[in-house]
Amino acid sequence: KNSLKVDMLDFVRIMRSALPNYIVRKPGEKKKKKSAAELAGLRILDDEEDLLRNLLELYREIDVNGDGDIEWEEFIRFIVDKAQVFKEMDKLDKIPHYEHIELPADRDVRLKKIKE
3 KNSLKVDMLD FVRIMRSALP NYIVRKPGEK KKKKSAAELA GLRILDDEED LLRNLLELYR
63 EIDVNGDGDI EWEEFIRFIV DKAQVFKEMD KLDKIPHYEH IELPADRDVR LKKIKE
């Protein structure tokens with residue numbers, strides 16, 4: 003079976019070239035002041051080394067069989083699995099939150115919807 007493969011070095015190089023430059027804080031940039039990207043909810047990494055650690059962790063997570071290469075099938079399976087997880091998380095976020103309250107002993111215990 004002939005399968006497309008990417009090794010760790012190529013994966014990191016490809017991913018880094020695809021990521022925007024603002025994903026990594028510039029040297030000397032203060033953490034106290036939030037960038038536009040951070041205000042939009044994006045996580046900004048402290049330095050290139052932090053980015054490299056994250057990319058290597060992602061690589062290891064995708065390389066399920068641990069052979070040191072990511073095959074196309076592994077990559078697609080990872081994307082589909084992650085999409086399913088996020089879809090399920092989105093469903094859970096839409097469930098109203100309830101809290102248990104105690105009523106006097108002569109009344110039934112009921113659920114009270116928490117105002118959002």
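Counting in the working numbering, the final residue of the sequence shown is number 118, and the numbers go up one at a time with none missing. Cβ coordinates follow ideal geometry from the N, Cα and C atoms, glycine included.
Considering just the uninterrupted stretch of the alpha helix (DSSP H) at residue i, what are its terminal residues?
i: Ile72; result: Run containing Ile72: none in the alpha helix (DSSP H); it sits in the beta strand (DSSP E), Asp71 to Glu73.
Determine the DSSP secondary structure at residue i, reduced to helix, strand or coil.
i: Val8; result: strand
i: Leu21; result: coil
i: Val66; result: coil
Measuring alpha carbon to alpha carbon, tell me which of the options ends up nearest residue i.
i: Phe80; options: Lys28, Asp69, Ile64 and Val26; result: Ile64
i: Asn23; options: Leu6, Met10, Ile46 and Lys36; result: Ile46
Considering only their Cβ atoms, is the gap separating residue j from residue i smaller than 9 Å?
i: Val8; j: Asp48; result: no
i: Leu57; j: Phe88; result: no
i: Val66; j: Glu59; result: no
Check whether the stretch 44-53 touches the stretch 79-91, counting contact only when three or more Cβ pairs, one atom from each stretch, lie closer than 8 Å. no
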